[in-house]
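Structure first, then comments.
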Amino acid sequence: MASLNVVDSDGKELEKINISSEIIGQKMNSEILYQEVRRYLASIRSGTHKVKGRSEVRGGGRKPWRQKGTGNARAGSIRSPIWRGGGVVFGPMPRDYSFKLNKKVIKQAKLIALSEKLKNKKIIVIDKLSFKNPETKKAAEILKKLNLDSGKVLMVFDSLNISEVKSFRNIGNVTVESAKGLNAYIILAADYVVFTKSSLNDFIERLGNGRS
43 MASLNVVDSD GKELEKINIS SEIIGQKMNS EILYQEVRRY LASIRSGTHK
93 VKGRSEVRGG GRKPWRQKGT GNARAGSIRS PIWRGGGVVF GPMPRDYSFK
143 LNKKVIKQAK LIALSEKLKN KKIIVIDKLS FKNPETKKAA EILKKLNLDS
193 GKVLMVFDSL NISEVKSFRN IGNVTVESAK GLNAYIILAA DYVVFTKSSL
243 NDFIERLGNG RS
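Sequence positions in the sequence shown follow our numbering and run 43 to 254.
Structure follows, in structure tokens:
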């Protein structure tokens with residue numbers, strides 16, 4: 043059993059919370075992380091690239107010249123792939139690049155990613171953040187007090203429909219995510235991961251019951 047310091051927005055320690063050995067005791071498994079990162083990147087790939095086939099290009103409704111007697115090679119349509127402006131053979135078409143992984147593998151990848159950040163002391167837990175209205179200046183001041191004004195910072199909240207999210211997402215080095223949407227790739231890509239106390243509890247609970 044290990045513990046994490048919970049701090050306020052000024053960086054002052056308030057309490058310690060225990061982290062289960064299931065998270066701390068994770069061994070590095072690069073193959074699992076590779077598969078999960080590959081799955082996530084494939085899932086956000088648009089796959090909208092497309093070329094036109096011979097049935098889609100403009101023109102070519104009639105035979106360019108008669109079959110025999112002209113001295114030219116036989117041709118049935120100017121939409122043929124061998125003609126300039128004709129259709130493309132075997133070109134890229136819209137497709138879905140995503141693929142599935144076992145839920146246990148996805149969960150394991152999240153645990154490993156979180157464990158690595160814990161071991162390297164790259165996780166910060168803030169007791170709570172309360173913004174009545176979006177205030178980017180106030181958010182930047184909080185990051186400065188926590189010495190997080192440089193490097194890639196991942197802020198994790200309970201929900202993305204709150205003023206705190208709108209405040210932090212305007213800062214260049216900050217990425218904002220909900221506990222529900224958190225995945226191994228986003229965790230690994232950040233230099234520091236900042237949870238609120240409630241979002242950390244939510245994320246760990248989701249890992250425990252298989253919802254995350």
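All residues carry an ideal CB built from backbone N, CA and C; glycine is no exception.
Residue i - DSSP class collapsed to helix/strand/coil
i    : result
N47  : strand
N243 : helix
E30  : The question about residue 30 has no answer, for the chain in this structure spans 43 to 254.
V130 : coil
S63  : helix
V216 : strand
F210 : helix
L171 : coil
V198 : strand
V79  : helix
V236 : strand
Environment of residue i [buried if 16+ CB atoms lie within 10 Å]
i    : result
D244 : buried
Q150 : buried
F237 : buried
L75  : buried
L249 : buried
R100 : exposed
S77  : Before going further, note that residue 77 is Gln rather than Ser in the sequence given. Counting Cβ neighbours within 10 Å, Q77 comes out buried, since at least 16 surround it.
K152 : buried
Cβ pair residue i, residue j closer than 7 Å
i    : j    : result
L143 : R81  : yes
I165 : V235 : yes
S119 : G102 : yes
S201 : S220 : yes
N47  : K58  : yes
L185 : A232 : no
V198 : S157 : no
V49  : Y227 : no
A84  : I61  : no
D169 : L56  : yes
Cα-Cα separation between residue i and residue j, rounded to whole angstroms
i    : j    : result
E206 : A182 : 11 Å
T178 : S209 : 4 Å
N175 : V167 : 22 Å
E73  : I154 : 11 Å
V130 : W107 : 22 Å
N323 : N225 : Limits of the chain in this structure are 43 at one end and 254 at the other, which puts residue 323 out of reach.
I204 : R96  : 51 Å
E98  : S51  : 59 Å
G193 : M70  : 24 Å
P123 : I86  : 32 Å
L188 : G127 : 60 Å
V147 : K239 : 26 Å
| query | Is the number of C-beta pairs between the segment 127-147 and the segment 81-95 that are closer than 8 Å three or more? | reply | yes
| Per the contact definition of three or more C-beta pairs closer than 8 Å, is the segment 58-66 in contact with the segment 109-117? | no
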